[in-house]
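Only one structure is covered here, and it is reproduced in the block below.
Number of protein chains: 2
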Amino acid sequence: MVRPVVSTFARWGTPPKPASLSDAAKEFLAGIGTPQFPSALPVVADIPVARSRLTKAQHAELAAIVGAENVSTSDADRVLHSAGCSLTDYLELRRKLRRPLPDAVVRPSSRDEVNSLLMACSAAGITVVPFGGGTSVVGGLRGFAHTKRSIAVAFDRMAGIRSIDPVNSTVTVEPGITGPDLERALAEVGLLLGHLPQSWERATIGGYAATRSAGQNSTGYGRSDEMIEEMVVATPVGEIVLGRVHRSAAGPDLRQLFIGSEGVFGIITEITLRVRRAPEVTKYEGLMFPDFFSGETAFRELAQQGLTSEILRLSDEHETITALTMSGPSGRAKELFDKYLELRKVDGGCLAILGWEGHNRRLVSAKRSAAWKVLKAHGAVSLGSGVGESWRKHRFEGPFLRDELLDLGYIVETLETAAHWRQAAELKAAVAQALEQALAADGVQPFVMCHISHVYETSVSLYFTVISVAKSDPVKQWAAAKKAACDAIEAHAGTITHHHGVGADHAPWLTEEIGPRGVAVLRAVKAAVDPEGILNPGVLLPPQE
Amino acid sequence: MVRPVVSTFARWGTPPKPASLSDAAKEFLAGIGTPQFPSALPVVADIPVARSRLTKAQHAELAAIVGAENVSTSDADRVLHSAGCSLTDYLELRRKLRRPLPDAVVRPSSRDEVNSLLMACSAAGITVVPFGGGTSVVGGLRGFAHTKRSIAVAFDRMAGIRSIDPVNSTVTVEPGITGPDLERALAEVGLLLGHLPQSWERATIGGYAATRSAGQNSTGYGRSDEMIEEMVVATPVGEIVLGRVHRSAAGPDLRQLFIGSEGVFGIITEITLRVRRAPEVTKYEGLMFPDFFSGETAFRELAQQGLTSEILRLSDEHETITALTMSGPSGRAKELFDKYLELRKVDGGCLAILGWEGHNRRLVSAKRSAAWKVLKAHGAVSLGSGVGESWRKHRFEGPFLRDELLDLGYIVETLETAAHWRQAAELKAAVAQALEQALAADGVQPFVMCHISHVYETSVSLYFTVISVAKSDPVKQWAAAKKAACDAIEAHAGTITHHHGVGADHAPWLTEEIGPRGVAVLRAVKAAVDPEGILNPGVLLPPQE
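Chains as they are written, first to last, in our numbering: chain R, 77 to 621; chain L, 77 to 621.
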């Protein structure tokens with residue numbers, strides 16, 4: 077079954093949902109500036125398409141591998157597989173720019189077919205770009221070029237579950253399966269993966285692995301790189317099976333070389349993941365800290381005392397105001413809520429969400445009560461489980477709003493980093509300042525929000541959202557702001573990405589991140605597994621001098 | 077300060093302790109067979125030494141880097157840095173075989189000196205073997221050759237603590253520091269690393285990282301590969317700094333390529349480790365399961381329900397009998413103990429040790445009580461905390477006994493693996509059978525014991541100890557047995573090593589473990605960072621066809 081295409085041409089959501097902005101939200105947005113360049117979601121027919129450059133012989137060779145009906149050169153397929161979900165992708169499509177497209181979309185159905193495709197393309201010098209859910213927000217789908225023949229490999233026909241093993245607590249899947257499909261199947265046998273990125277509705281498990289992704293629950297359930305037991309990777313020089321046993325001392329862990337390799341070293345064709353038993357106890361709750369520093373310190377204490385809940389989020393003052401304005405109480409309820417916060421001296425404070433999930437009520441309760449001692453010592457005031465459950469219910473709705481804001485003429489984007497605890501406050505301030513300075517203009521006051529999205533014993537991730545008014549060339553406008561933010565991250569000991577990945581957008585900063593010799597090691601691996609350099613060019617590896 | 081040399085020439089322990097075998101132990105050993113070839117611990121002067129082959133110019137060049145007094149060509153230094161602690165190492169030394177020795181032992185004092193050493197040796201084609209604690213049990217110190225000039229790099233002068241950061245919960249150390257020295261310094265500020273390999277008294281932190289080691293508490297505190305935040309590695313092409321932030325999605329995790337690289341890709345010159353606050357609550361306890369299967373199933377349940385203690389060990393029937401014979405109760409106490417076990421239907425059963433460590437009494441207690449529900453459901457009977465504390469007190473004493481057994485004319489060695497839960501029972505039986513068959517002979521009944529040493533959600537490690545009577549050529553005798561065990565491991569989906577590392581001894585099995593293309597990737601990395609191939613030849617990478 078070929079899945080219905082969900083893409084940048086559809087509003088977010090399955091089915092797409094219209095966002096509706098409240099009056100309070102509109103007032104809030106007006107404070108950021110008056111938009112002058114609204115834009116509209118394009119349809120595929122709006123996008124300029126050049127003819128597929130595949131020769132008849134090339135087309136026939138691909139068709140011989142996957143079947144003629146699975147080599148598509150239709151305009152729609154080619155356009156729909158040409159872009160991810162970054163603000164830049166969105167803006168370029170809305171502006172109907174002529175972007176490089178794949179010359180065909182190829183849909184293999186097996187490991188063997190992917191192996192054969194890579195060998196054939198390597199021999200023919202055809203670029204290969206794997207297309208998972210198409211949700212990259214960092215230019216992960218920028219491997220196509222105007223000057224070179226290319227194909228996108230789509231995994232619609234490789235989206236099944238191979239086996240579920242409750243004894244080993246693992247599931248083996250094909251790369252194209254999405255989170256919702258996998259979780260539905262696991263739930264039937266009382267299991268759970270627990271990986272919930274914001275792109276959950278569209279992203280594929282293969283994409284999780286290829287980009288080293290994290291999700292909202294990753295503080296508790298682990299990041300994708302902690303969940304992957306075994307991976308089969310097709311490369312132009314043949315198939316590699318990685319991860320014989322989860323924990324081993326048999327030399328370097330090659331899994332961790334291919335996890336996060338973003339299609340540059342190979343195409344993941346099968347993945348075995350650690351799963352967990354579905355929790356019997358869940359409790360989501362909201363709380364308010366007097367300020368960000370108190371919340372950050374409390375979260376650090378929780379991490380270092382082993383008292384973290386499965387989800388911990390701490391919004392800064394800006395994000396807290398926005399959350400309360402966009403979806404908080406109104407009217408009389410708002411008055412009472414404000415009074416409550418004021419009395420407890422956390423008005424103007426910072427909202428936090430804790431999500432507890434577990435199997436044993438007494439154990440969850442003991443952990444939560446130990447955690448609350450720490451939280452209270454840092455001034456936290458409970459907002460109860462209503463706030464937590466509300467967050468949980470609406471957790472995937474961020475992207476819906478994005479379409480709406482772009483329609484109106486705002487630009488909105490997110491970016492993220494992580495740093496050791498000691499560096500976090502300075503890093504946060506530097507990134508916010510970089511974004512604000514880069515986007516500020518006459519009558520425009522860009523609005524930068526931040527939250528802590530994951531905590532570790534030694535480090536913490538910071539997730540930024542920025543809203544501003546679009547200028548006449550918003551692509552260029554955002555590129556400058558993004559560069560300023562990335563420079564600030566690198567200058568303040570942050571990682572260029574905690575979970576979005578490198579893509580083409582962060583590639584220029586990778587040399588700073590891992591050093592020139594680290595890059596040389598990656599290039600040596602690349603040359604060994606992809607000697608013709610056909611796989612996802614321009615992504616991950618920094619541009620050569 | 078140059079540390080006092082502790083090596084294969086001293087009985088184990090600092091200071092060395094004599095082992096004393098009880099009558100019961102002697103009776104037990106008699107059941108295995110009557111030794112005919114006792115051996116004696118040699119002194120350095122017993123070992124044949126060829127002259128150092130370094131030229132005057134080479135010696136001068138090394139001396140210019142580290143100072144003349146830090147380039148030692150003394151017989152003692154060269155012999156003491158030529159071997160690890162495997163049974164084969166021990167036997168070869170006791171038999172005074174002529175082994176290849178380093179031509180000099182070089183003691184750098186800084187990152188820069190190590191960088192310079194590698195560049196100089198690369199230019200001169202001199203083999204470099206890093207020597208940490210010298211405790212490899214898998215031939216990690218077999219890089220020396222009769223046909224090639226070589227040096228051992230020792231880290232006596234790089235054994236300091238650079239900094240302790242309680243906010244980031246990290247410590248930065250030089251590679252030569254040992255566990256006891258590091259733990260003493262951390263304890264002064266209420267912190268703890270919690271890495272306790274059996275080789276704890278001698279092994280170095282650099283060695284932990286180079287070999288991807290695990291310790292007795294690693295189920296709770298994590299393996300070395302989970303503790304390492306940042307690593308600086310000197311290579312012949314220059315220094316690489318790995319691990320900007322603990323968790324990152326900035327492409328492949330290069331730390332995990334260099335952790336476990338066993339000196340083949342470079343020399344680790346600085347390490348930042350995650351530390352923890354010293355626990356306020358500790359409780360070690362013993363229990364008895366009716367049989368191994370019950371215990372294994374209970375341990376799997378604990379792992380998959382998130383109820384593991386920091387230490388979990390489950391001895392099989394053989395190891396249980398041995399433990400009780402060697403150090404269990406005697407006389408009237410033994411009678412009562414046997415009666416207790418019989419009444420509770422766990423006589424002839426399997427001994428387990430749980431070690432709980434934590435910060436919050438109520439939380440530890442809630443977890444322990446949830447765990448005990450599971451344990452009891454699988455037939456576990458408590459032996460109380462006396463048994464647990466006794467295990468804890470004697471936890472590092474295994475190696476003491478080894479010298480004694482070798483003196484008497486027994487061979488004794490350990491080996492280990494890990495597998496997914498489903499494969500564990502079959503793997504355990506296959507390895508035991510392989511060892512027994514390989515070592516059995518007229519009047520000799522080799523004794524194979526096993527325990528579960530670490531548990532994970534999806535997998536479990538199995539640790540084997542084998543005692544037999546030495547034949548006239550015990551080196552050859554053990555090589556055959558070890559080969560049979562390794563073949564059984566690979567044939568039954570185990571990893572060739574869970575925490576001992578690859579060394580020279582396991583290298584022939586690496587191709588089976590990671591596939592020929594995985595090996596090709598490692599070779600590509602090797603060529604990129606060590607183009608002249610000077611680093612630790614013969615270790616890790618399988619012999620070329």
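Note that the Cβ used here is the ideal one computed from N, Cα and C, for glycine as well.
Please report the straight-line C-alpha distance between residue i and residue j, rounded to a whole angstrom.
{"i": "Val351(L)", "j": "Ser245(L)", "result": "5 Å"}
{"i": "Ile281(R)", "j": "Gly270(R)", "result": "12 Å"}
{"i": "Leu481(L)", "j": "Leu617(L)", "result": "33 Å"}
{"i": "Ser403(R)", "j": "Asp301(L)", "result": "43 Å"}
{"i": "Leu358(L)", "j": "Gly434(L)", "result": "Residue 358(L) is actually Thr in this sequence, not Leu. Whole-angstrom Cα-Cα distance: 7 Å."}
{"i": "Glu566(R)", "j": "Trp554(R)", "result": "18 Å"}
{"i": "Ala442(L)", "j": "Leu383(R)", "result": "14 Å"}
{"i": "Arg389(L)", "j": "Leu427(L)", "result": "8 Å"}
{"i": "Thr493(L)", "j": "Leu538(L)", "result": "5 Å"}
{"i": "Glu512(L)", "j": "Lys224(L)", "result": "38 Å"}
{"i": "Asp549(R)", "j": "Asp581(R)", "result": "18 Å"}
{"i": "Val605(L)", "j": "Ile316(L)", "result": "10 Å"}
{"i": "Arg87(R)", "j": "Phe472(R)", "result": "13 Å"}
{"i": "Pro475(R)", "j": "Pro124(R)", "result": "26 Å"}
{"i": "Pro111(R)", "j": "Val545(R)", "result": "5 Å"}
{"i": "Ile304(R)", "j": "Gly298(R)", "result": "10 Å"}
{"i": "Leu177(L)", "j": "Thr373(R)", "result": "54 Å"}
{"i": "Val615(R)", "j": "Ala286(R)", "result": "12 Å"}
{"i": "Ala517(R)", "j": "Met364(R)", "result": "33 Å"}
{"i": "Arg437(R)", "j": "Arg444(R)", "result": "10 Å"}
{"i": "Asp563(R)", "j": "Ala506(L)", "result": "56 Å"}
{"i": "Gly465(R)", "j": "Glu361(R)", "result": "The amino acid occupying residue 465(R) in the given sequence is Glu; Gly does not appear at that position. Looking at the two C-alpha atoms, the distance is approximately 7 Å."}
{"i": "Val155(L)", "j": "Leu117(L)", "result": "14 Å"}
{"i": "Ile528(R)", "j": "Ser370(R)", "result": "13 Å"}
{"i": "Val213(L)", "j": "Pro256(L)", "result": "20 Å"}
{"i": "Arg376(L)", "j": "Leu477(L)", "result": "31 Å"}
{"i": "Ala583(L)", "j": "Lys602(R)", "result": "24 Å"}
Give the DSSP-derived three-state secondary structure of residue i in the structure shown.
{"i": "His530(L)", "result": "strand"}
{"i": "Phe375(R)", "result": "helix"}
{"i": "Val78(R)", "result": "Per-residue confidence for Val78(R) stands at a pLDDT of 42, beneath the threshold of 50, marking its modelled position as unreliable; no derived number is given."}
{"i": "Ile610(R)", "result": "coil"}
{"i": "Val615(R)", "result": "coil"}
{"i": "His496(R)", "result": "strand"}
{"i": "Trp88(L)", "result": "coil"}
Apart from the five residues on each side of it in sequence, which residues of its chain come closer than 8 Å, Cβ to Cβ, to residue i?
{"i": "Leu267(R)", "result": "Ile240, Pro242, Ser245, Val247, Val351, Arg352, Arg353 and Ala354"}
{"i": "Leu318(L)", "result": "Glu306, Met307, Val308, Val309, Leu330, Arg331 and Phe334"}
{"i": "Tyr486(R)", "result": "Leu105, Ile108, Pro111, Ile543, Ser544, Val545 and Ala546"}
Excluding five sequence neighbours on each side, which residues of the same chain lie with their C-beta closer than 6 Å to the C-beta of residue i?
{"i": "Val249(R)", "result": "Ile237, Ile281 and Ile347"}
{"i": "Asp151(L)", "result": "Val125"}
{"i": "Gly283(L)", "result": "Gly208 and Gly209"}
{"i": "Val422(L)", "result": "Met364, Pro366 and Val457"}
Answer with yes or no whether the minimum CB distance from residue i to chain C is below 7 Å.
{"i": "Glu589(L)", "result": "This model lacks chain C altogether; the protein chains it does include are R and L."}
Output needed for residue i: all residues of its chain with C-beta closer than 7 Å, excluding positions within five of it in sequence on either side, in chain order.
{"i": "Ile387(R)", "result": "Gln292, Asn293, Thr295, Gly296, Ile429, Leu430 and Gly431"}
{"i": "Gln620(L)", "result": "none"}
Would you call the segment 151-166 of chain R and the segment 304-316 of chain R touching, i.e. three or more CB-CB distances under 8 Å?
no
Enumerate, from N- to C-terminal direction, the unbroken alpha helix (DSSP H) stretches of 4 or more residues contained entirely within the segment 302-366 of chain L.
331-334
Using a Cβ distance threshold of 8 Å, determine whether the segment 495-509 of chain L contacts the segment 455-470 of chain L, with at least three qualifying pairs required.
no
Using 8 Å as the cut-off, can you tell me whether the segment 105-119 of chain R makes contact with the segment 133-152 of chain R, which would need three or more C-beta pairs spanning the two stretches below that distance?
Taking 8 Å as the limit for Cβ pairs, the verdict is that the segment 133-152 of chain R does not touch the segment 105-119 of chain R.
Decide yes or no for the touch test of the segment 607-614 of chain R against the segment 200-218 of chain R: beta carbon pairs closer than 8 Å, at least 3 of them.
yes
Which residue spans inside the segment 153-193 of chain L form an unbroken beta strand (DSSP E) run of at least 3?
180-182
Starting from the N-terminal side, write out each stretch of the beta strand (DSSP E) that is 3 residues or longer and does not extend beyond the segment 229-263 of chain L.
237-241 and 246-249
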